[in-house]
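Here the structure comes first, spelled out in structure tokens, and everything after it is commentary.
Chains as they are written, first to last, in our numbering: chain A, 110 to 281; chain B, 3 to 388.
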């Protein structure tokens, strides 16, 4: 199956599933964090935060479009790129400045705050593209916008793939 | 048999000698393009999503049948470049950056200025202020804008501090970085200014002096709820009015003619039947206008939270004066972005979900052409040539 067939198949499948999509327009790229007059976004501390660990019930395959943590992702799933749901592929660098989503875990019924960290420094992975936009908002509210290249503060803005880290359970 | 062979060879030699030789080709010939471009030429951003370090902009004739007919030339754009074009001089601007080892090494940010006829870079402005690094946003034309009769070029910086960088195109230098309070988008406003939408549902405006410094500021206090019904930051600008669709199908008019933006009317793209079927605006680039000032919005059915980037199955056409829909144009394939050519015979050019381009008559809605064969390229955003 050639690339175009892959693309067509990918979009046809998504069209069938979700009445279609913008696809590609994933949040990417980024820039070296320079002097900023704005406080860092709420999830800039993602790298320092102690991860709470996976929920006790975590149903689904992370490498699929439907997996619950992917509810606001826009990019290549690192699980298909040599990484995992929460680790970057070898030789890349994880961005510490991210956008966030709030996704419901069907296993325990809880809403979790998910940090979508881009893995950066190599050209695009190209595997398992996924774009969902639940809670995504336009670029004027950056921390919930997946249209940016979030390879920010990394040595290179080259976007490779995206992981999704649980930051905690959302407070109603 | 030998005689027959010799006769054949003799005949062949006579035939060949009777034909004139082809002229000798001279090396070094390079094509140039007509300026201004014909109305039916468009500039299409190949964002090269699978290899972003070298994207490109393609100049295409939308009437072309195959690639040798429609492909007129290209110029590069690194790492999800931003693009805009001048109306009054044959210049096109590409905001981009590169690394000296491809995806690693030292970074160089640059505004590259291309000549419209030769597609050669004729000048560049190096952008080395670390706090003014450009935002890389795949789907926004409003990350870069020309104002003040094309003297100043503005671009959106995201580090993640938010700024608008001001470049004086006559001096070919950066003259200012205007800090924004978590806002985005650059919508030309008034004599020499711009406005931006902000994360709390407000809008800020700035006017600049002849040196690019801020002289006046204005603000529209929060006027929409980002969570409940966000405005797309991708409006159609018709005259001095921005038409900003909302996720649910409203349109917020914003008057950009004064020193500061001011709120205009709000109206709906939908009638009762449309609401019942849950039609919504959506797509990567979902609104545009033509030379007569009609408003075109790409729409999809069965909308829901998170569907704002879904491809559209139809483009709806509105008369912004009467605020009524005058036409529905069904698309042969759902589209993710579109633009409309200028002139008396405007055409809609869409990027469909198979990453081919479709051409429609903007008046009748008739499908006119399909431009395919982009192979591994991502012809995402269409710009009408100006």
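Even glycine gets a Cβ: it sits at the ideal position worked out from N, Cα and C.
- Query: Nearest to residue 203 of chain B by CA position, among B:246, B:335 and B:106, is which residue?
  - Reply: Taking the first residue of the second chain as position 1, residue 203 of chain B is located at position 201. Comparing Cα positions, the closest option is B:246.
- Message: Can you confirm whether residue 385 of chain B, when its beta carbon is compared against all beta carbons of chain A, has any partner nearer than 9 Å?
- Response: Numbered from 1 along the second chain, position 383 holds the residue referred to as residue 385 of chain B. No, its Cβ sits nowhere closer than 9 Å to a Cβ of chain A.
- Taking C-alpha atoms, which residue in A:195, A:280 and A:199 lies nearest to residue 273 of chain A? Position 164 of the first chain, counted from the first residue, corresponds to residue 273 of chain A. Considering only alpha carbons, the answer is A:195.
- DSSP three-state assignment for residue 356 of chain A, whether helix, strand or coil: Since the first residue of chain A shown is 110 and the last is 281, residue 356 of chain A is not available in this structure.
- So does the region 356 to 371 of chain B actually touch the region 48 to 66 of chain B, counting three or more Cβ pairs closer than 8 Å? yes
- Determine, using beta carbons only, whether residue 343 of chain B and residue 44 of chain B come nearer to each other than 9 Å. The count along the second chain starts at 1 and reaches residue 343 of chain B at position 341. The count along the second chain starts at 1 and reaches residue 44 of chain B at position 42. Against a cut-off of 9 Å, the Cβ pair of residue 44 of chain B and residue 343 of chain B comes out as a contact.
- Item | Top-ranked residue by Cα proximity to residue 245 of chain A, from A:276, A:234 and A:253 | By 1-based counting over the first chain, the position of residue 245 of chain A is 136. Out of A:276, A:234 and A:253, A:253 has the C-alpha closest to the C-alpha of residue 245 of chain A.
- Which ranges would you report for the beta strand (DSSP E) in the region 205 to 263 of chain B if only whole runs of at least 3 residues count? 205 to 210, 216 to 222, 238 to 240, 243 to 247 and 252 to 257
- Query: Which residue's Cα is closest to the Cα of residue 281 of chain B: B:148, B:251 and B:267?
  - Reply: If you number the second chain from 1, residue 281 of chain B lands on position 279. Of the listed residues, the one whose Cα sits closest to residue 281 of chain B is B:251.
- Query: Does residue 268 of chain A have its Cβ less than 9 Å from a Cβ in chain B?
  - Reply: Residue 268 of chain A sits at position 159 when you count from the first residue of the first chain. Yes - at least one Cβ of chain B is within 9 Å of the one on residue 268 of chain A.
- Message: In this structure, how does DSSP classify residue 90 of chain B when only helix, strand and coil are distinguished?
- Response: As a working mapping, residue 90 of chain B is identified with position 88 in the second chain. In this structure, residue 90 of chain B counts as coil in the three-state DSSP scheme.
- Report yes if the C-beta distance between residue 78 of chain B and residue 61 of chain B is below 9 Å; otherwise report no. Numbered from its first residue, the second chain carries residue 78 of chain B at position 76. Numbered from its first residue, the second chain carries residue 61 of chain B at position 59. No, the Cβ-Cβ distance between residue 78 of chain B and residue 61 of chain B is not below 9 Å.
- Query: Taking just the CA atoms, how far does residue 266 of chain A sit from residue 192 of chain A?
  - Reply: For this step, residue 192 of chain A is matched to residue 83 along the first chain. For this step, residue 266 of chain A is matched to residue 157 along the first chain. Near 18 Å, if we compare the C-alpha coordinates of residue 266 of chain A and residue 192 of chain A.
- Exposed or buried, which one is residue 143 of chain B when buried takes at least 16 other CB atoms within 10 Å? For the purposes of this step, residue 143 of chain B is identified with residue 141 of the second chain, where counting begins at 1. The residue is buried, with at least 16 neighbouring Cβ atoms inside 10 Å.
- Which of the residues in the region 251 to 279 of chain A, read from start to end, lie with their CB under 7 Å from any CB of chain B? 251, 256, 257, 258, 261, 264, 265, 266, 267 and 268
- Item | Nearest-angstrom Cβ-Cβ length linking residue 279 of chain A and residue 220 of chain A, presumed shorter than 8 Å | Indexing the first chain from 1 puts residue 279 of chain A at position 170. Indexing the first chain from 1 puts residue 220 of chain A at position 111. Yes, they are in contact, since the Cβ atoms of residue 279 of chain A and residue 220 of chain A sit about 4 Å apart, within 8 Å.
- Item | Length at least 4, wholly inside the region 198 to 257 of chain A: the alpha helix (DSSP H) runs in chain order | none
- Query: So what's residue 165 of chain B in DSSP terms, helix, strand or just coil?
  - Reply: Walking along the second chain from the start, residue 165 of chain B turns up at place 163. In this structure, residue 165 of chain B counts as strand in the three-state DSSP scheme.
- Item | Any 3 or more C-beta pairs closer than 8 Å across the region 258 to 276 of chain B and the region 214 to 231 of chain B | yes
- Item | Rounded separation between residue 173 of chain B and residue 126 of chain B - CA only | If you number the second chain from 1, residue 173 of chain B lands on position 171. If you number the second chain from 1, residue 126 of chain B lands on position 124. Roughly 12 Å between the two C-alpha positions.
- Is any beta-carbon of chain A found at less than 9 Å from that of residue 68 of chain B? Here residue 68 of chain B refers to the residue found at position 66 of the second chain. Cβ-Cβ to chain A under 9 Å: no for residue 68 of chain B.
- Query: To which residues of the same chain is residue 165 of chain B closer than 8 Å at the C-beta, ignoring the five residues directly before and after it?
  - Reply: Position 163 of the second chain, counting from 1, holds the residue named residue 165 of chain B. Result list for residue 165 of chain B: 133, 134, 158, 159, 179, 180, 181 and 182, in chain order.
- Item | Within 9 Å, strictly: CB atoms of residue 177 of chain A and residue 226 of chain A | As a working mapping, residue 177 of chain A is identified with position 68 in the first chain. As a working mapping, residue 226 of chain A is identified with position 117 in the first chain. Not in contact: residue 177 of chain A and residue 226 of chain A (Cβ atoms no closer than 9 Å).
- For residue 104 of chain B, I'd like the list of residues in its chain whose CB is within less than 7 Å of its CB, leaving aside the five on either flank, ordered along the chain. Here residue 104 of chain B refers to the residue found at position 102 of the second chain. Around residue 104 of chain B: 55.
- Message: Between residue 20 of chain B and chain A, is any beta-carbon pair separated by less than 9 Å?
- Response: Position 18 of the second chain, counting from 1, holds the residue named residue 20 of chain B. No, residue 20 of chain B does not count as interfacial toward chain A.
- Item | Interface residues of the region 80 to 101 of chain B facing chain A [CB-CB below 7 Å] | 81, 82 and 101
- residue 258 of chain A: buried (16+ other C-beta within 10 angstroms of its C-beta) or exposed? Taking the first residue of the first chain as position 1, residue 258 of chain A is located at position 149. Buried is the call here.
- Query: Name the residues in the region 48 to 64 of chain B whose C-beta lies less than 8 Å from a C-beta of chain A; which are they?
  - Reply: 49, 51, 52, 53, 54 and 55
- Message: So residue 184 of chain A and residue 175 of chain A are supposed to be a Cβ contact under 8 Å. How far apart are they, rounded?
- Response: Counting from one through the first chain, the residue named residue 184 of chain A turns up at place 75. Counting from one through the first chain, the residue named residue 175 of chain A turns up at place 66. About 16 Å separates the two Cβ atoms, so there is no contact after all.
- Message: Cβ closer than 7 Å: which chain A residues qualify as neighbours of residue 186 of chain B?
- Response: Here residue 186 of chain B refers to the residue found at position 184 of the second chain. Per Cβ cutoff of 7 Å: 248 and 249.
- Out of B:94, B:89, B:81 and B:120, state which residue places its alpha-carbon closest to the alpha-carbon of residue 109 of chain B. In the second chain, counting from the first residue as 1, residue 109 of chain B sits at position 107. The candidate whose alpha carbon is nearest that of residue 109 of chain B is B:81.
- Query: What residues from chain A crowd round residue 142 of chain B, counting only those whose CB sits closer than 7 Å?
  - Reply: What you label residue 142 of chain B is simply residue 140 of the second chain in a count that begins at 1. In chain order: 248.
- Message: Using a 10 Å radius around the Cβ and a threshold of 16 neighbouring Cβ atoms, would you call residue 212 of chain B buried or exposed?
- Response: Indexing the second chain from 1 puts residue 212 of chain B at position 210. So residue 212 of chain B ends up on the exposed side.
- Host beta strand (DSSP E) of residue 317 of chain B (start-end): Counting from one through the second chain, the residue named residue 317 of chain B turns up at place 315. First-last of the beta strand (DSSP E) with residue 317 of chain B: 314 to 321.
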